[in-house]
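Participant: The numbers in the sequence shown follow the numbering used here, run straight up by one, and end at 293.
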Amino acid sequence: MKGKTFLKVGGKSVIASALFAVVLLLGACTYGAAYPTTAATPAVTITSPVNGASLPAGDVTVTVSVGNFVVVDKQGQANIAGQGHVHFYLDVAAPTTPGVPAVPTSGTWAHVSGLTYTFPNVGQGTHTISVQLVNNDHTPVVPAAMDTITINVTSAPAAAEPAPTVTITSPGNGASLPQGNITVTAAVANFNVVDKQGQANVPGEGHLHFYLDVSAPTVPGVPAVPTSGTWAHVSGTTYTFSNVGPGTHTISVQLVNNDHTPVVPAAMDSVTINVTSTTIPGYGDGGYGGGSYGGGGGGY
Ligand SMILES: [Cu+2]
-6 MKGKTFLKVG
4 GKSVIASALF
14 AVVLLLGACT
24 YGAAYPTTAA
34 TPAVTITSPV
44 NGASLPAGDV
54 TVTVSVGNFV
64 VVDKQGQANI
74 AGQGHVHFYL
84 DVAAPTTPGV
94 PAVPTSGTWA
104 HVSGLTYTFP
114 NVGQGTHTIS
124 VQLVNNDHTP
134 VVPAAMDTIT
144 INVTSAPAAA
154 EPAPTVTITS
164 PGNGASLPQG
174 NITVTAAVAN
184 FNVVDKQGQA
194 NVPGEGHLHF
204 YLDVSAPTVP
214 GVPAVPTSGT
224 WAHVSGTTYT
234 FSNVGPGTHT
244 ISVQLVNNDH
254 TPVVPAAMDS
264 VTINVTSTTI
274 PGYGDGGYGG
284 GSYGGGGGGY
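Printed below as a string of C-alpha cells:
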C-alpha cells in the first residue's frame, strides 16, 4: 500500500513538474512577445573625461561605456533591438523624441559606431558633452539612454620655453695653441647672462662656469663647484685661463643658475685643445722662462 501511494504521489509530481515547465515556457514566450527589446535597459556612461574635468584647449577625446547594448556599424539599416550606435554632442542639446532621428539642426555632434570620439579644437571655456544611444536609423533608443558631463577647457598651455644651450665658439675643439693665456669664448641661446650671482634663481637667466681640466659637476640643485681644480664663475661669455702649460687640456663651460646650480636640463659644452710649448730651441733650458712658464695650468 505504501508503495502504491508513493508511486501515485510520484506520478502527480511528474505531471506537476511538466505543467510547471510549460507555464514557464509560455511565460517566457509571452514576455518575449511583449518586450522585444532585451530584458535589461541599454545604458551609456561617459567614462572620460570625468565630469568637472579641467582640460587644456585642443582636441578632447570622449570615451563611453555601454551596457545591454551592442554598438554596430549599421547606420541607416533596419533597426534591431539592443543594437545601434552612439551620438556624441558638444554644447548642443541631444534630441530625445522617440522615433525622430536624434540629429540636432546645428551644433557640433557626430554619429559614431564606436565607444570613443574626439572633438577637434575645443576652445577655452565651459563645455557640455552628451552622448546618447540610438538605433540604426538614428532615433533614440526607448527609453532614452544618455549621459552628460561638463568640462572646463583652459587656455592652451604656453609653448615650452626652449632649453638654454651653451657652445664654446673659441678655441675650436682640437685646436693647437701656444702655451700661455687661453681665452675661451662661448655663445649661449635661450639664456640671459646676468650678474646676479648668489641672488634668487630666475628661470632662463644665470651665469657661466668655465672649467679647465676638471669635470663639471652636474647634479641638479647642487652648486656646480668642483672641490679642486681650475674654474671660474663668469657673468659673461668669455674667460681667460692664465698660463696654461703645454699638453692636452679639456675646457668645459656650463650654464648655471644664480645660485650656481646647473640649469636643468644641463647645458654644457667641452673642447679639448693641444697646448704647445713655446720654448725656443737652444734657449729652453737656459732659464729664459718659456719652458716652465705657466706650468700647472693656472694653479688657482
Ligand atoms: Cu657660479
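Positions of the beta carbon are idealized from the N, C-alpha and C atoms, including for glycine.
Give me the pocket residues for ligand 2, defined as CB within less than 6 Å of any heavy atom, sorted by chain position.
Facilitator: The model depicted lacks ligand 2 and carries ligand 1 instead.
Participant: In the DSSP assignment, find the beta strand (DSSP E) that holds Glu198 and state where it starts and stops.
Facilitator: Looking at the DSSP string, the run of the beta strand (DSSP E) that includes Glu198 is Glu198 to Leu205.
Participant: Please return the same chain residues whose Cβ sits closer than 6 Å to the Cβ of Tyr110, not counting the five positions on each side in sequence.
Facilitator: Cβ within range, chain order: Val55, Phe81 and Ala103.
Participant: Using only the alpha-carbon positions, how far apart do Asn129 and Pro94 sit?
Facilitator: Their backbone Cα atoms lie some 10 Å apart in a straight line.
Participant: Among residues of its own chain, excluding the 5 on either side of Gly107, which ones have a beta-carbon nearer than 6 Å to its beta-carbon?
Facilitator: No residues qualify anywhere along the chain.
Participant: Where Gln68 and Leu126 are concerned, what is the direct C-alpha to C-alpha distance, given to the nearest angstrom?
Facilitator: Taking the straight line joining both Cα atoms gives about 12 Å.
Participant: Relative to the C-alpha of Leu83, which residue among Ala138, Gly197, Thr269 and Gly100 is closest?
Facilitator: Per the Cα distances, Gly100.
Participant: Does any C-beta atom of chain D lie closer than 8 Å to the C-beta of Leu108?
Facilitator: This model lacks chain D altogether; it includes just one protein chain.
Participant: Taking the straight line between their C-alpha atoms, what separation do you get for Ala149 and Ser245?
Facilitator: Roughly 38 Å between the two C-alpha positions.
Participant: Using beta-carbon positions only, say whether Gly165 and Val268 come within less than 8 Å of one another.
Facilitator: Cβ distance not < 8 Å, so Gly165 and Val268 don't count as in contact.
Participant: Using beta-carbon positions only, say whether Val79 and Val124 come within less than 8 Å of one another.
Facilitator: Contact: yes.
Participant: For Asp66, list the residues DSSP reports as bridge partners.
Facilitator: DSSP output for Asp66 lists no bridge partner at all.
Participant: Pick out whichever of Val146, Gly167 and Leu201 has its Cα sitting closest to the Cα of Val181.
Facilitator: Considering only alpha carbons, the answer is Leu201.
Participant: In whole angstroms, what separates the C-alpha of Asn236 from that of Gly214?
Facilitator: So the alpha carbons of these two residues sit roughly 32 Å apart.
Participant: Report yes or no: do the stretch 131 to 150 and the stretch 45 to 65 share at least 3 C-beta pairs separated by less than 8 Å?
Facilitator: Yes, the stretch 131 to 150 touches the stretch 45 to 65.
Participant: Return the residue from the list Gly229, Pro255, Thr230 and Val177 that minimises the CA-CA distance to Leu205.
Facilitator: The candidate whose alpha carbon is nearest that of Leu205 is Val177.
Participant: Would you tell me roughly how many angstroms separate the C-alpha atoms of Ile122 and Pro35, rounded to the nearest one?
Facilitator: Whole-angstrom Cα-Cα distance: 19 Å.
Participant: I think Thr230 touches Ala156, with their Cβ atoms under 8 Å apart; what is that distance to the nearest whole Å?
Facilitator: About 18 Å separates the two Cβ atoms, so there is no contact after all.
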